[in-house]
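K.L.:
Pasting in a structure now, in C-alpha cells, and then I'll have a few things to ask.
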Amino acid sequence: MPTLRAETRPFDLLRIPILGRFLRWRHARTVLQGGMLGLAILLILDGLFGPQIAPRNLAGVLPWVHWRGFVVLALLIAGNLFCMACPFMLPRRLAKRLLPAGRPWPRPLRSKWLAVGLLFVFFWAYEAFSLWQSPWLTAWVAITYFVAAFVIDGFFRGASFCKHVCPIGQFNFMHATVSPLEVGVREPETCSDCATKDCIRGRYAGTSAVPADRPAVSSMGGGGSTSASGIATPPGPLALDSASGTVRLPEVAPPPAMASPSVGSAHDEPAGRGRLVQNGCELWLFQERKVGNVDCTFCMECVHACPHDNVGILARVPGAELWRNPWRSGVGRLTERPDLAGLAVLLTFAAFVNAFGMVRPVQAVLQALGRALGSPPEALILLAFFAGALLLLPLLAMGATSASSRHFSGGQEKLTEIGTRYAYGLVPLGLGMWSAHYLFHLLLGGLTIVPVFHAYLEDLNLAAPGAPAWGMGPMIPETWLFPVQVLLLQGGLAGSLWVLLRIARREHGDTTRAKRAFAPWALFVTVLFATGIWLLLQPMEMRGTFMVDG
Amino acid sequence: MTRRGSLSPVPFVLLLLLAAGCRGDAVDEAPDHEVRISVAPTPPIMGSARVVVQLSDGEGLAVENAQVTLIGDMAHPGMTPVEEDLEQEGGGRYATSDFDFTMGGDWVLSARIQLPDGRRVERSRSVEVVSLDARDPT
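Top to bottom, those sequences are chains A and B. Numbering-wise (our numbering), the first sequence opens with residue 54 and increments by one. Numbering-wise (our numbering), the second sequence opens with residue 995 and increments by one.
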C-alpha cells in the first residue's frame, strides 16, 4: 500500500491524551462546527446591520484578518482543520433530510475545473467589489455559501459541494499537501484483513461491526466509487481496474453515495441494509488506498466508522505527496489530473496577484491598462488584469518552462504532460506567499477583534464598563513582521525547489538529465520568489472603491 | 416520544437578530447639524496632517464648546486606528495639526461629536492618503 509516512510508528494526533480523546469523540466535529457557525452568524448579522466601516465590523475583521490567517497557520502546522470545522456543512445536514440528495454529480463537472473557475471569479470579485472593505458584501458572500452548500448537497450525493465546487475547500485541499499531518491508516495489515470497509461504506444499524458472513474484499482494490479523474462511479464489485484506475465497491455494500450525514433519515436506508448509524467517507476516499490530503476534509467519518480503530491523524513528510505519484483513491494519479495541476498553478499565481493588489504599483498598472483599453469601467479593467495575471501569464510561463525543461532534458513528451507533472512543485512557494500575506494581517491586526467585539456588545448594551481599546492591534512587534514574511517565503522556495527536484528525479532518475529538466523550473520558482520579496518591500496602499458619505 | 434536554437555537438566533438590528451605522442625534471634515495638505500624505472639523447647527451658526474626537480607520480591517481629541479654535472649528496617517491608501475619517446639550453626532468621510515615496520627486 502506498504510504508517505515513516516506517516507524508515526506521531498520531488522536493518541494525544486530551485533544486526541476530544477528536475521537463522535460529536467533536459538530462542536467545532457549532462554534464556527456562531461566528458566521455574528459575521452575517454585523455585516448586514452593523457599521459599514470594515475595521469596526465583525464582518470586516473576522474573515479578512482572523479566518484567513488561522487557515494558513493551521495548514502550516497541522492540516486541513478549517474544513473539519466548516460551518457551511451544518445546514447541509438538514438539506440531506429535506431534499432528495440522491442525484449523481453531473459527469462534465466531475473535476476541479468548476472550482478553478469559481476561484478566478472570487479573486476578481475580491478586488472589483473591494470585499475586504465592505461588511455588507462580505455577509452576502457568507450567505451565498450557506445557500450553495445547502442546495447542492441537498440534491446531489455525498459531499459534492466540497469535492467539486467549494473554492475554499480547494484552497485547503491543495495547500494541505504541504501540511505535516494527514488522516491515514495506522496499520496497513489491519485494512487488508478488514471485511467490512466501513470507512468508505458507512455502518448500518443491525449489522455487526465485523460480520463474518460478508465476502472478503480484494486488498488490491479500494472502495470509493471514483476514478482516476476524480469521477464518482456507481458502486459495484470492489476491484481495481488498472487501466482506468477505477475502483468499485462490492454489490453487497451500500452505496457510499447514500451515506449522508443525515443519520437515520429515509434517504439512508437502502433495502436490507438497515439504518445508517455512521457515515463512511463522503468524498470517496477509501482509507486503504487513500494517499495524502487532496480532497480530505478531516471530517473524521472514517475514524469513527473504522471498527478496528485503525485510522489516525498521522505525521508525515510535508509535501512528499506532491512528488510521489501513486494511484490515490478518489483522486487517481496527480500526473493524470490536469485540472488539479491547473488548480495548483492558479492558486500559486493568485498568491502573488492578491498581494500585488495591496501595494502601490498596482495603481499604475491598472491606470495604464485602463488607458490602453479606452477607459472602460473599473470592473472590466480588473477583469482584463486578472485574465492576464491568472490565466495568460501562467499559461505562458508554464508553457515556456515546460518547453525549456523538455529541451534541456532531451524529452519528447507533450508540454501539457510536463506542465501537469511539475505544477505541483509550485504549491509550497504559493503557500509561502499566501502565508506571508495573510499572517501579516493576522499578526499586525489580530488583537483588533477585542475592541471590535467590545463595540459590538456595547451597541447591544451588553458590554463590560469601559471604552473599547481601539489601540489594540499587533500580536508581535511590528519590526518582526518583515523577517517573518521573508522566512515564510524562503521556506516556500526551499520546499518548491525540493519538490521539483524530486519530481525531476522521479521522471528521469538521479541523472544529469534530471538536473537539466529541473533547472528551468528552479529558475521559474526563483523568479516568483524574487517577485514575492519585491512585493513585500513595496509600500502598502490598500485602496478600494467603497466611499463613506461625509 | 418527546426529546428532553434539547435546547433549540432558534430563539437565541432570533434574539441575536433582533439585537443586531438595533446596531446602527453611526450615531446621529442632531441630523440638522452640518459637519465638514477637511484635511491639509490635499491630497493628504502619509505622516502628519492638519485636520479641521467645522461644526454648525441647523441654522448655519457655529457650534462652540462641543467635544470632538477624530478617528481614522484604514479601509482594510486589522489596522490599528488613529484617534485624536480635537482642540477648539473658535468659529465652530475644531482641529489638530498632528493627525498621523500611518499608511498610504484609503482611510475613513470619523468625527465623533458630543454637542453642548449632550446630543451625539458622528459623521465620516473617506480620504485617499498618498505614500511618502509616491510623491513626485521633482
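Even for Gly, the Cβ is constructed at its ideal location relative to N, Cα and C. Bear in mind that the values here come from a model prediction, so they are computed numbers and not experimental data.
How is the alpha helix (DSSP H) around A:Q543 delimited, first residue to last?
P.N.:
For A:Q543, the uninterrupted alpha helix (DSSP H) run begins and ends at L534 to H561, by DSSP.
K.L.:
Decide if A:A138 is buried, meaning its Cβ has at least 16 other Cβ atoms within 10 Å, or exposed.
P.N.:
Per the 10 Å Cβ criterion, buried.
K.L.:
Distance cutoff 8 angstroms, beta carbons only. Does B:G1098 sit that close to anything in chain A?
P.N.:
yes
K.L.:
Helix, strand or coil for A:M137? Go by DSSP, reduced to three states.
P.N.:
helix
K.L.:
Pull up the CB-CB distance for A:G606 and B:T1096, whole angstroms please, since I reckon it's below 8 angstroms.
P.N.:
There is simply no residue 606 of chain A to check, as chain A begins at 54 and stops at 603 in what is shown.
K.L.:
To be precise: take each residue of the region 435 to 467 of chain A, compare its Cβ to all Cβ atoms of chain E, and keep it if any distance is under 8 angstroms. Which residues remain?
P.N.:
Although the question refers to chain E, the structure presented lacks it and instead comprises the protein chains A and B.
K.L.:
Let me know if A:L515 comes out buried or exposed under the rule of 16 or more other beta-carbons within 10 Å of its beta-carbon.
P.N.:
The residue in question, A:L515, is exposed, as its Cβ has fewer than 16 Cβ neighbours within 10 Å.
K.L.:
Using a Cβ-Cβ cutoff of less than 7 angstroms, which residues in the same chain neighbour A:F582 once the five nearest sequence positions on both sides are dropped?
P.N.:
L482, L542 and L546
K.L.:
Who are the Cβ neighbours of B:R1044 in its own chain at under 6 angstroms, not counting the five residues just before and after it?
P.N.:
A1034 and S1091
K.L.:
Given that a residue counts as buried once 16 or more other Cβ atoms are within 10 Å of its Cβ, and exposed if not, what is A:D99?
P.N.:
buried
K.L.:
How would you call A:H228, buried or exposed, if buried means at least 16 neighbouring beta carbons within 10 angstroms?
P.N.:
Note on A:H228: 16 or more other CB atoms within 10 angstroms of its CB, so buried under the neighbour-count rule.
K.L.:
Can you list, in chain order, the residues of its chain whose CB lies under 6 angstroms from that of A:G485, leaving out five sequence neighbours each side?
P.N.:
Hits under 6 angstroms: L541, L542, G544 and G545.
K.L.:
Against chain B, does A:T501 count as a neighbour if the rule is that its beta carbon must be under 8 angstroms from one of theirs?
P.N.:
yes
K.L.:
On a CA-only basis, which of A:Q340, A:M142 and A:V580 is nearest A:S245? Give me that one, please.
P.N.:
The candidate whose alpha carbon is nearest that of A:S245 is A:Q340.
K.L.:
Are the C-beta of B:A1034 and some C-beta of chain A separated by less than 8 angstroms?
P.N.:
Output row for B:A1034: interface = no.
K.L.:
Tell me which same chain residues have a C-beta within less than 6 angstroms of the C-beta of A:L134, skipping the five on either side of it?
P.N.:
A127
K.L.:
Identify every residue that forms a DSSP beta bridge with B:M1068.
P.N.:
B:W1101
K.L.:
With 16 other CB atoms within 10 Å as the buried threshold, where does A:H119 fall?
P.N.:
buried
K.L.:
If you measure beta-carbon to beta-carbon, which residues of the region 111 to 123 of chain A are closer than 7 angstroms to chain B?
P.N.:
G113, V114, W117 and V118
K.L.:
What residues from the region 1070 to 1089 of chain B come within 7 angstroms of chain A, judged by C-beta to C-beta, listed N to C?
P.N.:
H1070, P1071, G1072, M1073, T1074, P1075 and E1077
K.L.:
State the start and end residues of the unbroken beta strand (DSSP E) segment that holds B:V1029.
P.N.:
E1028 to A1034
K.L.:
Would a check of beta-carbon distances place B:R1114 closer than 8 angstroms to chain A?
P.N.:
Chain A contact via Cβ: absent.
K.L.:
So with CB distances below 9 angstroms, who are the chain A contacts of B:S1042?
P.N.:
Correct list: empty, because the minimum Cβ distance to chain A is about 17 angstroms.
K.L.:
With a cut-off of 8 angstroms on the beta carbons, I'd call A:E180 and A:L589 a contact; round off their distance for me.
P.N.:
The pair is not a contact, with the Cβ atoms about 19 angstroms apart (cut-off 8 angstroms).
K.L.:
What residue does the beta strand (DSSP E) around B:G1041 start on, and which one ends it?
P.N.:
G1041 to S1050
K.L.:
DSSP three-state label for A:A281, please.
P.N.:
Caution is warranted here: a pLDDT of 36 is assigned to A:A281, below 50, making its placement in the model unreliable, and no coordinate value can be reported.
K.L.:
Distance cutoff 8 angstroms, beta carbons only. Does B:V1102 sit that close to anything in chain A?
P.N.:
yes
K.L.:
Take A:W376 and list the residues in its own chain whose beta-carbon comes closer than 7 angstroms to its own, dropping the five residues that flank it on each side.
P.N.:
V552, R555, I556 and R559
K.L.:
Can you tell me where the alpha helix (DSSP H) holding A:I529 begins and where it ends?
P.N.:
First-last for A:I529: undefined, no H or E at that position.
K.L.:
Quick one, are the C-beta atoms of A:L367 and A:N378 less than 8 angstroms apart?
P.N.:
no
K.L.:
Given that B:S1091 touches chain A, what residues does it touch there, using C-beta distances under 9 angstroms?
P.N.:
Those within 9 angstroms of B:S1091 in chain A number zero; the least Cβ separation is about 20 angstroms.
K.L.:
List the residues that DSSP assigns as beta-bridge partners of A:L234.
P.N.:
A:A368
K.L.:
Short of 6 angstroms in beta carbon distance, which residues of its chain neighbour B:E1078, apart from the five on each side in sequence? Order them along the chain.
P.N.:
L1064, T1090 and F1093
K.L.:
If you draw a straight line from the alpha carbon of A:G464 to that of A:V384, how long is it in whole angstroms?
P.N.:
27 angstroms
K.L.:
Whose Cβ in chain A lies nearer than 7 angstroms to the Cβ of B:S1125?
P.N.:
The answer, in chain order, is R413, P592 and E594.
K.L.:
Could you name the residues of the region 1052 to 1068 of chain B whose beta carbon sits closer than 9 angstroms to any beta carbon of chain A, in the order they occur along the chain?
P.N.:
I1065, D1067 and M1068
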